[in-house]
Amino acid sequence: MNNHYILLADCKDEIGITSLISTTIKNTNSNIFHLDHYTDVQENENHLYLRIVFDQNDEVKGLLEKELNSRNIHFKIYDANTKVKTALLVSKEDHALSEIMLRANRQEFPIEISCVISNHENNRKFVEDMGIPFHHVEVTKDTKRQSEEEITEICEGYGVDLLVLAKYMQILSPEFVDRHHLKIINIHHSFLPSFIGANPYKQAYTRGVKLIGATSHYVTEDLDAGPIIEQDVVRVNHRYTAQDMKNTGRHVESEVLARAVRWHCEHKVIVNGNKTIVFS
Numbered sequence: 001m002n003n004h005y006i007l008l009a010d011c012k013d014e015i016g017i018t019s020l021i022s023t024t025i026k027n028t029n030s031n032i033f034h035l036d037h038y039t040d041v042q043e044n045e046n047h048l049y050l051r052i053v054f055d056q057n058d059e060v061k062g063l064l065e066k067e068l069n070s071r072n073i074h075f076k077i078y079d080a081n082t083k084v085k086t087a088l089l090v091s092k093e094d095h096a097l098s099e100i101m102l103r104a105n106r107q108e109f110p111i112e113i114s115c116v117i118s119n120h121e122n123n124r125k126f127v128e129d130m131g132i133p134f135h136h137v138e139v140t141k142d143t144k145r146q147s148e149e150e151i152t153e154i155c156e157g158y159g160v161d162l163l164v165l166a167k168y169m170q171i172l173s174p175e176f177v178d179r180h181h182l183k184i185i186n187i188h189h190s191f192l193p194s195f196i197g198a199n200p201y202k203q204a205y206t207r208g209v210k211l212i213g214a215t216s217h218y219v220t221e222d223l224d225a226g227p228i229i230e231q232d233v234v235r236v237n238h239r240y241t242a243q244d245m246k247n248t249g250r251h252v253e254s255e256v257l258a259r260a261v262r263w264h265c266e267h268k269v270i271v272n273g274n275k276t277i278v279f280s
């Protein structure tokens, strides 16, 4: 998508909104490469969501901003050439971390991994062998606030736009989450809303489930209850132990997190309250 802009917009649905935007783009001799829209039909008021990919030129961004602001349309315009600067946060397990790092290294999605931050040292060699800065920030019950301040300072130093919790097994404070509003993506090792909290595979084993899954979501103050970006499941049976489920679940977790991060970085996600519209 070289030399393209990406528009994400949403507003009260009215006749002619999509035409207005496409005509504004056309009038600057900018070509539309992709257009996707969705209308959420509600009893009282329908809501429109749009994603449009179009040519960059000297006029188009300014004219669009003027037109959309005049009509109180909520929107963001992104430069498709700009990679999303990202910090990966991890504890001990490496499967989600390595999946994102390897996909980024293959340039599968527009992401720049600025650094990896961990409360353990065991992933340092792998990260540094990939040429990525590794920061160890110890977290204890007594130092949690100071640790989060240090994480924020590290991220600000790199100009980070996105934090990915790649199996970072710490509960973030409401203050930290609020500071990074809708800029933190987590992977939860369960098909939410089932088995919220700790040891979901043990919970699933005890319940005798036949499907286990993973959920990637934006982090909010409510534990494991933020807007869901992506989910997937895999079938299990009575022969699976809790550890078997955990081993199988790692593959689902890695895949689900990678898809969520990709869609976020490709600017395909619009958040509406506690729901998302994903133009995948």
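If you read the sequence shown in UniProt numbering, its first letter stands for residue 1, the second for the next number, and so on.
Glycine included, C-beta positions come from ideal geometry on N, C-alpha and C.
- For F176, the uninterrupted alpha helix (DSSP H) run begins and ends at 174 to 179, by DSSP.
- Selection F33, V90, I25 evaluated against D58 yields I25 as nearest (Cα-Cα).
- For the set F134, H47, K61, the Cα lying nearest the Cα of I15 is the one of H47.
- Within 10 angstroms of the beta-carbon of T82 lie fewer than 16 other beta-carbons, which makes it exposed.
- Counting C-beta pairs closer than 8 Å gives fewer than three between the stretch 62 to 74 and the stretch 131 to 138, which falls short of the contact rule.
- Sequence-distant Cβ neighbours of K268 in its own chain, meaning closer than 7 Å and more than five residues away, are R51, V278, F279, S280.
- By the criterion of a C-beta distance shorter than 7 Å, E128 is surrounded in its chain by F134, once the five residues flanking it on both sides are discounted.
- Between N123 and D161, the gap from beta carbon to beta carbon reaches 8 Å or more.
- Note that the C-beta distance between V164 and L89 is below 8 Å.
- Bounds of any beta strand (DSSP E) do not take in L68; it lies within the alpha helix (DSSP H) bounded by 60 to 70.
- Residue burial is scored here from C-beta neighbours: E148 has at least 16 other C-beta atoms within 10 angstroms and is therefore classed as buried.
- Pairing V261 with I113 gives a Cβ-Cβ distance that is not under 8 Å.
- In this structure I185 does not touch Y158 by the C-beta definition: roughly 17 Å separates them, more than the 8 Å allowed.
- In this structure H120 touches S91 by the C-beta definition: roughly 6 Å separates them, less than 8 Å.
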